[in-house]
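Numbering (the working numbering), first residue to last: 66 to 254. Note that the Cβ used here is the ideal one computed from N, Cα and C, for glycine as well. Have a look at the structure below, then the notes.
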């Protein structure tokens, strides 16, 4: 169920409303968040998004084009987590949607499969952070130091542009430090 659909947002302008229950996306049944976000993230920019929704005790349809340009996705938008991750909500620190996923386990990973030409990983930089290794389509892009003297939320941890238009996967793996925090992604269509 959609808990918020800000008036004036692309979702609102496309016809989605608070309390809508998305039952299908492009003919595929939706039973959880991943059931929506996985096929959505794999659509090319401009691709048709056809939703079957339940609204006010009746079936309805909402159709729109996936936005082009750069789209910001929260950490819960189709991310696949492996290892021991937790979700911290209502931190009041300025996170996207006021939440972050975090891990203390070296080797824990988070990945997002998307359709586009570039991606930026958003996380946190702070003194209790460490290094993450970033992979794009299975190839290591090296270690990224996420330490900083002062807390930086929605920080750009890693970014890459110029990928061939199509489906790609970005993955971060915690390698050191007390925490790794993931806030979201910016995907360029």
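Quick check: residue 182 and residue 221, are their CB atoms within less than 9 Å of each other?
As a working note, residue 182 is residue 117 in the chain shown. As a working note, residue 221 is residue 156 in the chain shown. No.
Just to confirm my understanding: we take residue 86, look at its own chain, exclude 5 residues before and 5 after, and list those with CB closer than 7 Å. What are they?
To locate residue 86, count along the chain shown from 1; it is residue 21. Shown here for residue 86: same chain residues with a beta carbon closer than 7 Å to its own, the five before and five after excluded, namely 66, 118, 119 in chain order.
Assuming contact is defined by CB atoms lying nearer than 9 Å, are residue 188 and residue 98 in contact in what I supplied?
As a first step, residue 188 must be located in the chain shown, where it is residue number 123. As a first step, residue 98 must be located in the chain shown, where it is residue number 33. Taking 9 Å as the Cβ cut-off, residue 188 and residue 98 do not qualify as a contacting pair.
Candidates 234, 95, 111, 212: closest to residue 176 by CA position
Counted from its first residue, the chain shown places residue 176 at position 111. Minimum Cα distance to residue 176 is reached at 234.
If you count every other CB in all the chains shown that lies within 10 Å of the CB of residue 81, and 16 or more means buried, which is it?
On the chain shown, position 16 is the one that residue 81 refers to. Result: buried.
Please return the same chain residues whose Cβ sits closer than 6 Å to the Cβ of residue 185, not counting the five positions on each side in sequence.
On the chain shown, position 120 is the one that residue 185 refers to. The residues are 221, 224, 251.
Identify the continuous beta strand (DSSP E) that holds residue 167 and give its terminal residues.
Position 102 of the chain shown, counting from 1, holds the residue named residue 167. Start and end: 164-168.
Close beta carbons around residue 135, own chain, < 6 Å, minus the five adjacent residues each side
Sequence index remark: in the chain shown, residue 135 carries index 70 (1-based). Cβ-Cβ distances below 6 Å link residue 135 to 251, 253 in the same chain, with the five nearest sequence neighbours on each side left out; the list follows chain order.
Can you tell me which residues form a DSSP beta bridge with residue 244?
To locate residue 244, count along the chain shown from 1; it is residue 179. Looking at the DSSP output, residue 244 sits in a beta bridge with 194.
DSSP bridge partner residues for residue 124 (one or two, in chain order)
For the purposes of this step, residue 124 is taken as residue 59 along the chain shown, with counting starting at 1. Beta-bridge annotation (DSSP): residue 124 is paired with 119.
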